[in-house]
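Participant:
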Amino acid sequence: MSGTVVQVTDATFDATVVKASGPALASFLAEWSAPSKQAQQVLAQIAAEFGGRLTVANHDIDNGPATPPKYNVNAVPTHLLFKNGKVVATRVGPFSKGQLTEWLNSNI
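All residue numbers for the sequence shown refer to our numbering, where the first residue is 713 and numbers rise by one.
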């Protein structure tokens, strides 16, 4: 999954994110949310920059309503960083590419 953002659903979330072979960033987004649209652009850049070292996945909360409550996602965008199947860091709200890069580097 290197270099691209993977779209995940309730059915594919565990296999793609929780069971990823390395760290995985799961972003919970919504099409109607302006901050989510901005996040998608930044996530595409992050996926290219961290290609091979990080799985980057988008989960649309409207098309997959079962997964967000499992991780206490109450707002979009919410970003969860997984390592070895566990959430190790959480970030809620909009961000710049620099802010997200710094957050990832300090948590990977």
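Cβ coordinates follow ideal geometry from the N, Cα and C atoms, glycine included.
Less than 8 Å between the C-beta atoms of alanine 738 and valine 729, yes or no?
Facilitator: Reading the sequence shown from its first residue, position 26 is the one you call residue 738. Reading the sequence shown from its first residue, position 17 is the one you call residue 729. Their beta carbons are under 8 Å apart, which means alanine 738 touches valine 729 by this criterion.
Participant: Identify, in the order they occur along the chain, each residue of the same chain with its Cβ nearer than 7 Å to the Cβ of glutamine 811, setting aside the five sequence neighbours on each side.
Facilitator: Here the question's residue 811 lines up with position 99 in the sequence shown. The answer is none, since no qualifying residue turns up.
Participant: Kindly provide the ranges of any beta strand (DSSP E) runs that are 3 or more residues long and lie completely inside the segment 751-776, ordered along the chain.
Facilitator: With a minimum length of 3 residues, the continuous beta strand (DSSP E) runs that stay inside the segment 751-776 are 767-772.
Participant: Where does threonine 724 sit, in a helix, a strand or coil, going by DSSP?
Facilitator: For the purposes of this step, residue 724 is taken as residue 12 along the sequence shown, with counting starting at 1. Looking at threonine 724 - three-state DSSP - the assignment turns out to be coil, as it is neither helix nor strand.
Participant: Measure the Cβ-Cβ separation of valine 717 and valine 768 and say whether it is below 8 Å.
Facilitator: Position 5 of the sequence shown, counted from the start, is the residue given in the question as residue 717. Position 56 of the sequence shown, counted from the start, is the residue given in the question as residue 768. Their beta carbons are under 8 Å apart, which means valine 717 touches valine 768 by this criterion.
Participant: Over the uninterrupted alpha helix (DSSP H) stretch that includes lysine 731, give me the two end residues.
Facilitator: Residue 731 sits at position 19 when you count from the first residue of the sequence shown. It is not in any alpha helix (DSSP H) - lysine 731 carries neither H nor E in the DSSP assignment.
Participant: According to DSSP, glutamine 811 sits in a beta bridge with which residue or residues?
Facilitator: Along the sequence shown, one-based indexing puts residue 811 at 99. Answer is none; glutamine 811 lacks a bridge partner.
Participant: Going by other Cβ atoms of all chains shown within 10 Å of its Cβ, with 16 needed for buried, is proline 789 buried or exposed?
Facilitator: On the sequence shown, position 77 is the one that residue 789 refers to. Buried: at least 16 other Cβ atoms inside 10 Å.
Participant: Using the Cα positions of proline 735 and glutamine 750, report the straight-line distance between them to the nearest angstrom.
Facilitator: Within the sequence shown, numbered from 1, the residue matching residue 735 stands at position 23. Within the sequence shown, numbered from 1, the residue matching residue 750 stands at position 38. Taking the straight line joining both Cα atoms gives about 23 Å.
Participant: Which two residues bound the contiguous beta strand (DSSP E) that contains threonine 790?
Facilitator: To locate residue 790, count along the sequence shown from 1; it is residue 78. First-last of the beta strand (DSSP E) with threonine 790: 790-795.
Participant: Just curious, the beta strand (DSSP E) that threonine 802 is in, first and last residue?
Facilitator: As a first step, residue 802 must be located in the sequence shown, where it is residue number 90. Looking at the DSSP string, the run of the beta strand (DSSP E) that includes threonine 802 is 798-804.
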